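Asker:
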């Protein structure tokens, strides 16, 4: 049959049209990009009635809030105008396949004074309340922290009506001494005293206003150095709806314990008489009580807040542990994707390996240090990630920390623990000290499956919640107690496991988890970014 030139032309025109539509759909499907330029400087702010040097970002203390949407690409150019090298880390942002942007000394060279670095990362498949803060030296004691609020895409439903407003509260303990003074104190081998006070959004007094009868979300993050805090609002109950990216069973609480490094989100309905009410953040588990207040102001109020502050929970740890056990995953709610949170049946997976991590506070060379399984971590001049990528020897050795406690003296080392990509780990945090602990894992969230007293043994698995334990990135461990988690190692890279209590982190209670596979694939991990800084033994090495 002879060809039909007109028919071929029509077909070609049709195919070009289809390709054009397809190409346009690909362009429109690109995840949005958000561009920021931040400048880090020192400034003086009056805190706790004393003028103090703090770290400002774009002149702000706390730093600017990042309000973004799931899967947004963040391009953030950071200029360091301090007199010391500086890094920010993104607390709870998973950095999928991209530990190059984690912002800790094991993965990134610090930004030198009067230099800049552009972070490039994606809020991939995440929704919820997170924070950022300085990871270098003792800068966190001077501020430089802020909130990251990740909102859902329009087509992704959330398991509660859209609130009438959204408040961010960064709560944390604070020292009057400068960060350099505190660091020098630790370097001398001593421990820090109890903090001097508590701040809410960098202040000792602030106001949050709303209309009577409306419901507001309060995003509460403990950005402090060492102190667990209790949060409550006079005359109002709080409905817990989200914890570090997990939608929760919506229980009601009169007060919530928020431990160092943790974030929660609650809904509060302004259903009381039109007046002002106290918002309270107070220290937990310490005989010396630190308390600060803010004001919840009804827009039709003409009456200032008054009356006694609502009492804090009792001193003991038992009530706090019982409260923690009531935090449950909302199995029918979607997260950043349409599939329900409970579609991943974590409790039916046999762990590849069990790791037990015991913290301690030894003296090494006559100075106070903190250790994990006898190893007190020391930073290398060359980031571990760069050493691993370029094959630079002598920076670290794989498995330089044991996967369970053992006897013997504590020692200093740049400790790394190896794991295979797609392993499913059971990790137990064993706390034999009489102090509260808080543990964080970069690059991941994990299921918090159990809390218990005394020593963990395999028999304690009978206490695990294998059905609806929620996922989070930071978990508390009570004194003389244990906490168990499950984590699916689906994110290749070099990831920091650390104490969220910054004195302990600074003096060695941390290590790196090397999640690895020999298969080199961009599906598993991105290549080194072109703008990656070089330092230590990586100076002069090109990609």
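Numbering (mature numbering (1 follows the signal peptide of the UniProt record, and there is no 0)), first residue to last: -29 to -1, 1 to 514.
Glycine residues also receive a C-beta, built at the ideal position from the N, C-alpha and C atoms.
As the structure is a prediction and not an experimental result, all values here were calculated from the model.
1. Residue 310: buried (16+ other C-beta within 10 angstroms of its C-beta) or exposed?
2. Can you find the residues in the same chain that come closer than 6 Å, C-beta to C-beta, to residue 165, ignoring five residues on each side of it along the sequence?
3. Only counting the same chain, and skipping five residues up and downstream in sequence, which positions put a Cβ closer than 6 Å to that of residue 452?
4. Please report the straight-line C-alpha distance between residue 219 and residue 288, rounded to a whole angstrom.
5. Between 426, 131, 66, 31, which has its C-alpha nearest residue 404's C-alpha?
6. Would you give the residue range spanned by the alpha helix (DSSP H) that residue 409 belongs to?
7. Output needed for residue 103: all residues of its chain with C-beta closer than 7 Å, excluding positions within five of it in sequence on either side, in chain order.
8. In whole angstroms, give me the CA-to-CA distance for residue 176 and residue 67.
9. According to DSSP, what are the bridge partners of residue 117?
10. Tell me where the alpha helix (DSSP H) around residue 361 begins and ends.
11. Apply the 10 Å Cβ neighbour rule to residue 17 and answer buried if 16 or more other Cβ atoms are within range, or exposed otherwise.
12. I think residue 470 touches residue 514, with their Cβ atoms under 8 Å apart; what is that distance to the nearest whole Å?
13. Where do the ends of the alpha helix (DSSP H) carrying residue 523 lie?
14. Using a Cβ-Cβ cutoff of less than 6 Å, which residues in the same chain neighbour residue 511 once the five nearest sequence positions on both sides are dropped?
15. Once you ignore the five residues that flank residue 38 on each side, which residues in its own chain have a CB closer than 8 Å to its CB?
16. Would a C-beta distance cut-off of 9 Å place residue 140 and residue 295 closer than the cut-off?
17. Excluding the 5 residues preceding and the 5 following residue 461 in the sequence, name in chain order all residues of the same chain whose CB lies nearer than 7 Å to its CB.
18. Report the three-state DSSP secondary structure of residue 393 (helix, strand or coil).
19. Over the uninterrupted alpha helix (DSSP H) stretch that includes residue 473, give me the two end residues.
20. Residue 127 and residue 101: beta carbons closer than 9 Å?
21. Taking DSSP's pairing of strands, which residues face residue 268 in a bridge?
22. Is there contact here, the region 361 to 373 with the region 153 to 165, by at least three beta-carbon pairs under 8 Å?
23. Tell me the start and end of each unbroken beta strand (DSSP E) in the region 311 to 372 that is at least 3 residues and wholly inside, in chain order.
Answerer: Checking against the coordinates, here is how it stands:
1. exposed
2. 259
3. 402, 424
4. 23 Å
5. 426
6. Run containing residue 409: none in the alpha helix (DSSP H); it sits in the beta strand (DSSP E), 408 to 412.
7. 59, 60, 61, 62, 116, 117, 119
8. 38 Å
9. 103
10. 355 to 361
11. exposed
12. Contact flag wrong, Cβ pair sits at about 33 Å.
13. The structure shown does not extend to residue 523, since the chain is modelled only from -29 to 514, so the question has no answer here.
14. none
15. 120, 122
16. no
17. 393
18. coil
19. 473 to 477
20. no
21. 180, 247
22. no
23. 324 to 331, 346 to 348
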